[in-house]
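Going by the numbering used here, the first residue of the sequence shown is number 932, and it counts up by one from there.
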Amino acid sequence: MRKATAFIATIVCISGLMVSTVNAANTIKPKAGASCPKLNQSVNYNNKKYTCIKSGKKLVWNKGTIIVKATPTPTPTPKATPTPSPSAPSASGDPIGAIGGTPTPSPTPSPTPSPTPAVTPSPTATVTPSPTATVTPSPTPTVTPTPAKVFYKAPDTAEVSTIYDVEGCAVGFDASGKQVTTPILQALVNGVWLDVKTIEIGWEKTCNISQLPNNKYFAYAKAVLEDKLTIRWKFIGPVNIFGRDDQGNGVSAPKTFHGVKKVTLYTPPPMTGSDLITFNNIVSRIDDIPKVVWQNTQDVIARNANLPGAQTPFEIYRSPHIPDSFYKDAALWMKRVNSLYANFAQPVKTYLYFTTGQDIEVASAAVLKTFTNGFDQSIKALYGGDIWGRSVDCVGSSPGRGGTQMPDLLGAVFGGTCVGGESNNEDMVTHEYTHQIQEAQLWNGQRSGRDIVEPCWMVEGQATLTAGVELNTLQRYLETKLGMSHPYLLGSGGTDYDGNPNITWTQEYVLNYYKDANIPSECKKTNKFALSYSVGFLTVEALSAIRGIESHMAFEQKLGAGVPFGKAFIDTFGITWDEAAPILATVVATQMARVNNPTPPAPSPTKVFYKAPDTAEISTINDGEGCAVAFDSTGKQVTTPVLQALVNGEWLDVETIEIGWKKTCDIPQLPNNKYYAYAKAKLEDNLTYRWKFFGPVNIFGRDDQGNGISKSVTFHLLAPPSVITPIPVVSPYPAQREVPGETFTVSAPKAYPKPVGALNVAEMQPIQSFEIPVSIQAPPSGTNVKLWIYNPDNQKISLGSSSVYFKPANGEWKMYATNSDGSFYANFPANRYEINVSPPNNSKYKNTWYIGDISDSGIFSIRGKKENSSGYFTLTVDRQPLPNPKIDDLRQKLTTLANTPVSSFKPSSTCQLLDQVRPNRNVYDQIAAGFPKSLSTLPSFGHLRALIIPVDFTDFAGIDDPLPYFTPVAEGVSVFYNTQSYGQLAFDFDVIPQWVHLPFASRDFYGNHITYLKNLIKLTDGPIDYSSYDAVYYLIPKEVPSEIMPAGPAISSLDFSNNVIMIGALGGKDMYDLEGGIVGARWKWMAHETGHGFGFFDEDLNHASQSLGFWGIMAMSWSNNAIELGAWDRYIQGWLAQSQVNCISLSDLNSEGLISKISPVVRQDKDVKSIMVPLSASKILVIESRKNEGLDIIPADHEGVLIYTVDMTKGQLGGGYETQRRIGTTNPTFEDAALHAGDSITVEGVKIEVLALDISGDTIKISKP
């Protein structure tokens, strides 16, 4: 039963009754949990107020609430400087005015005011002697009375409210129990802070500030206050709080008080029909619950569709690059939930933000236009941040978050787009929005009741039920229900979710959960809080089956209005919680046991199995959906996988030749020993099959007995290895070449054939800021940044933008509000700043970036701008570029190519594993781990035109003659890719023979490659003809220091800046850094960056540790070792024909093995170059011969057979390429990893033996050990 302490804040005590209660209880010494004589009796004892409550059938004392007797507010002695209590140590790193922070004391020590209220005595009367020598009686002394203390007085119409502080974490009492900090509530009246006479004041909720000792609390008070009054808290004594008044006392930030809302409670209509589910029969009708609840939900949505509450406004923001398929029906989802809860309070307005990772900065800036700081961090956490304490890698699901801004009651829902994630992420959106409707019920004008009155089983239970039951088909709801009937607990850190598949689900277990879950402040501290998603979901569903889908929100509404839990429950559901809990626990435990404690059926002697036709062949079937706990800690198998086939509408078990666990999976909710299943069996082509699991498994689907089941899959018999079966399907991807195609000869680089025209320096000349044509507000004192933002179509008016963004060097973007007249003022410290002027919501404009500097003396300047006579810079936004039919047509064609999904590629071999990092591609994501290469990357065949543009700067001029200096770079890249393609590709380089002098310094765009590139194009488009080139390289002088331009990145996505479409690279000092030690360091750098243009990843792990080592230019750009590309990279490009790859299926391997001979991968011939074995749908084993030939430099003892795996799910810097070591080798860069004759290793169940190495090639045996 819910303890009554949670409701003390809603009871108003009459003073006369309070006195008699205290007097009657003077002899009682209550103890928490001990029996008490009378329900609701209150006793003050040892600084706590104890209340007699009902627990089960007993009356017991609650834990007590810390109080301070209502007394006149103490007035600190004038000029007294409070000092912190010795028991409150200073906190290192806290802001000025935090723990113990005080003004600097005067030389003469001032007394410390006592935290006990004190009365200031009247001044002592004095006798003034007569100034004359005549002695006369002194006048009668006049005593000046102490002026009466002025308190805030509320209007007679005001009501009693409870006010809570959450800002000042105070040391309430010392170790002896003596109060050492006094809280005071103050109101702002005519510019003066007056103390509020409180009915009750004290300490209510513990806080957690590590710098303070024990006994830390937040304050609360009961008082009569008028609506919209400005209030604050004041603390005399040790408190951790930022603000301080003139006497050094802690003060909270002023806040506007909003009176407790008046709520008209809504009573949902009862369920109708002749066969209703009741508390008496629900245990026997468990299977009817979902259908009843779903149908009632659909009826309520239809019934409420035209109510005012169903029209609650919302606004949807979609970031520029979010695919159209993601969240396309979000407006419909919101409408359905609005209708479902139309009879209840809802957020004033909800904003839905859907963004890609690429657009996260733009999206977070959009969030800050409406919401306060913190909400932008919430949306950023969708990509690579922390959610519940774990890193989000944005693979396998589309993440979502939400929040509600108080007191505005503005809701926010954030949705991401991730690889493998659902584009129709309806349940996430509706789940998060339901939380905001909950908050609307629980917000009482001061704070949410979530931590005070809402039972934990409702927190996620309501949201999860809503997200499922509002779906438009019963089948979708049933699938959601099965997926949510998995128990998760919070980890030991109280954050990340951990699965607990070993729970035995009984009525007793659920009742124990309810006991904790009905005390919000307690249950959220336990690891069982997360059971709200499963147990809470089933609890709310059961209640909805009995009283209707609106009943649980009506119950929530009552709690928010201050109705005690017990009364709210019986008023809503017709029986007491004590009566209902055992029934609900039975319903929940029964369903949880079905899903999580299934009992394998006893084998039947007449069991019918699927039998394949005699012509069927043995195949290996791999599951990638059900991550199972295969074995317990003792090694005992606890989950049994079964392969099933659909025959005439019935699922039959498949008689397998072999079945077991193969590939580990990574589901953080499960303990160790997690695997995916595999099986070998005879299956016919086009057979529908699925996996079934008896035991703990993380999988969405469940059958009627609660066993895990995978989605149904159609089996396709794969063509035999090395046999090409033409597929008569039209695909946008080119057909794989069977033999090397036409070869091309590398031509010598030559000078750019045209004179370079005069640069568009007018674009870069400083523009004079004009005089502001309108009256604007004056800048505050001390301002050093003065801007006026004007409309580019009419310089006489302001743009109307509400914000401007600044990013200090090595800092983060931050939004600042502009004034309504277009002016902006700030006082920033010395630094370099990027400035982003954002347009209002108007598609005719686009963001404009500026770069500003503030000198050490505080002088502000903007690159390319001059201030006006008043010291203002006039800034604006750019207009969208005018249509250009030619470039627009090309852009459209390239975008269409770039957006071609992986699914449209038809593999001609089982070894052509599909890329799973970027299955849905776009112009900004073109590099991939697997097939196919993106159609918008550099072509793999024929002649490619490339241009090198030498650029220098006002602070570092180029010294070397560009044509002879950069010709070896061009030659190196040309020869490299001609060699890798076996002559099927040739670069034709032009080099501009003189330095292009840029009108800015090298440091002007430090770290901002995007703005740097945009300015390069702006200056040179026209003077340089880009139209004939496939790739462009801007190379800098070697004299530029590393600290200014350290790294030169690839331009590997399609850049449409200023109507120029470009792939290439921006030069940095890294191309020169290792010259002298690395032969050809400059061209090797450029060849590596060019590799990104072909679609290659960086093939190492975070540039910090090696996974492929010195075995390829995409892994180690600067190397005198083996730099040629491996077989897998050449295979994706089409440079290796299918006939040059011996593709072997796992099902074709046995203990006898297969023997194959391979030619060195670097050798320019048409022989077989590689053996490849698909280990799963997402990983391939690659075997190739590496010798000291071609561009590779390999010592004789390091030559041999190189073996590595490639994971299709691991992207850029993800370590997806993993070299498999020769036994006994330890070189950190794998230089000695290649196998020698007689060596053997086993990789994921495949044994590789090197039988012989010779000049003609290497002989390999592949088998199953």
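Think of the CB as a built atom: it goes at the ideal place given N, C-alpha and C, for glycine as much as any other residue.
What you are looking at is a predicted structure, and each value in this text was computed from that prediction instead of being measured.
Below 8 Å on the Cβ atoms is my contact criterion, and I expect residue i with residue j to pass it. Report the Cβ-Cβ distance as a whole number of Å.
i: residue 1718; j: residue 1755; result: 4 Å
i: residue 1285; j: residue 1257; result: 6 Å
i: residue 1747; j: residue 1757; result: 7 Å
i: residue 1996; j: residue 2017; result: 6 Å
i: residue 1872; j: residue 1838; result: With 8 Å as the limit, residue 1872 and residue 1838 do not qualify as a contact, their Cβ atoms being about 20 Å apart.
i: residue 1639; j: residue 1624; result: 4 Å
i: residue 962; j: residue 983; result: Not quite, the Cβ-Cβ distance comes to about 12 Å (not below 8 Å), so this is no contact.
i: residue 2015; j: residue 2044; result: 6 Å
i: residue 2029; j: residue 2143; result: 6 Å
Does DSSP classify residue i as helix, strand or coil?
i: residue 2139; result: coil
i: residue 1746; result: strand
i: residue 1387; result: helix
i: residue 1366; result: helix
i: residue 2185; result: strand
i: residue 1262; result: helix
i: residue 1962; result: strand
i: residue 2044; result: coil
i: residue 1609; result: strand
i: residue 1943; result: helix
i: residue 2091; result: strand
i: residue 1224; result: helix
i: residue 2154; result: coil
i: residue 1442; result: helix
i: residue 2190; result: strand
Nearest by alpha-carbon distance to residue i: which of the options is it?
i: residue 1127; options: 1117, 2130, 1637, 2079; result: 1117
i: residue 1451; options: 1402, 2145, 1390, 1396; result: 1390
i: residue 2117; options: 2127, 1858, 1153, 2092; result: 2092
i: residue 1522; options: 1465, 1484, 1498, 1493; result: 1465
i: residue 2013; options: 2023, 1998, 2026, 1610; result: 1998
i: residue 1569; options: 1626, 1172, 1540; result: 1626
i: residue 1922; options: 1934, 1341, 1492, 1901; result: 1901
i: residue 1274; options: 1199, 1171, 1575, 1844; result: 1199
i: residue 2067; options: 2102, 2078, 2178; result: 2102
i: residue 1589; options: 1216, 1582, 1572, 1578; result: 1572
i: residue 1579; options: 1591, 1539, 2054; result: 1539
i: residue 2187; options: 1865, 994, 2120; result: 2120
i: residue 1894; options: 1868, 1927, 1449, 1866; result: 1927
i: residue 2162; options: 2110, 2050, 2096, 2071; result: 2050
i: residue 1725; options: 1712, 1957, 1547, 1809; result: 1809
i: residue 2061; options: 1852, 1870, 981; result: 1870
i: residue 1969; options: 1495, 1503, 2006; result: 2006
i: residue 2199; options: 1732, 1956, 1633; result: Past the edges of the chain, shown from 932 to 2196, lies residue 2199, and the structure says nothing about it.
i: residue 2098; options: 2058, 1468, 1582, 1151; result: 2058
i: residue 1981; options: 1941, 1953, 2079; result: 1941
i: residue 1880; options: 1950, 2170, 1560; result: 1950
If contact is defined by three or more beta carbon pairs under 8 Å, each pair taking one atom from either stretch, is the segment 1488–1497 in contact with the segment 1400–1413?
Note that the segment 1400–1413 does not touch the segment 1488–1497; fewer than 3 beta-carbon pairs, one per stretch, sit closer than 8 Å.
Counting pairs of Cβ atoms below 8 Å between the segment 1907–1914 and the segment 1953–1972, do you hit three or more?
Of all C-beta pairs linking the segment 1907–1914 to the segment 1953–1972, fewer than three are shorter than 8 Å, placing the two stretches out of contact.
Would you list, in sequence order, the uninterrupted alpha helix (DSSP H) runs of no fewer than 4 residues that lie entirely inside the segment 1445–1530?
1451–1454, 1466–1478, 1482–1491, 1496–1504, 1508–1527
Assess, as a yes-or-no matter, whether the segment 1159–1168 is touched by the segment 1179–1190 under the definition of 3 or more beta carbon pairs within less than 8 Å.
yes
Is it a yes or a no for the segment 1227–1242 touching the segment 1264–1272, going by three-plus beta-carbon pairs under 8 Å?
yes
Quick check for students: name the residue ranges of the beta strand (DSSP E) that lie wholly in the segment 1859–1903, counting only runs of 3 or more.
You should have 1873–1883.
The segment 1673–1684 in contact with the segment 1888–1902 per 3-pair CB rule at 8 Å
yes
Would you be able to state if there are at least three C-beta pairs under 8 Å between the segment 1206–1224 and the segment 1462–1476?
These segments touch.
Three or more C-beta pairs below 8 Å linking the segment 2165–2176 and the segment 2125–2140
yes
Check whether the segment 1433–1444 touches the segment 1364–1373, counting contact only when three or more Cβ pairs, one atom from each stretch, lie closer than 8 Å.
Result no; under three Cβ-Cβ pairs closer than 8 Å.
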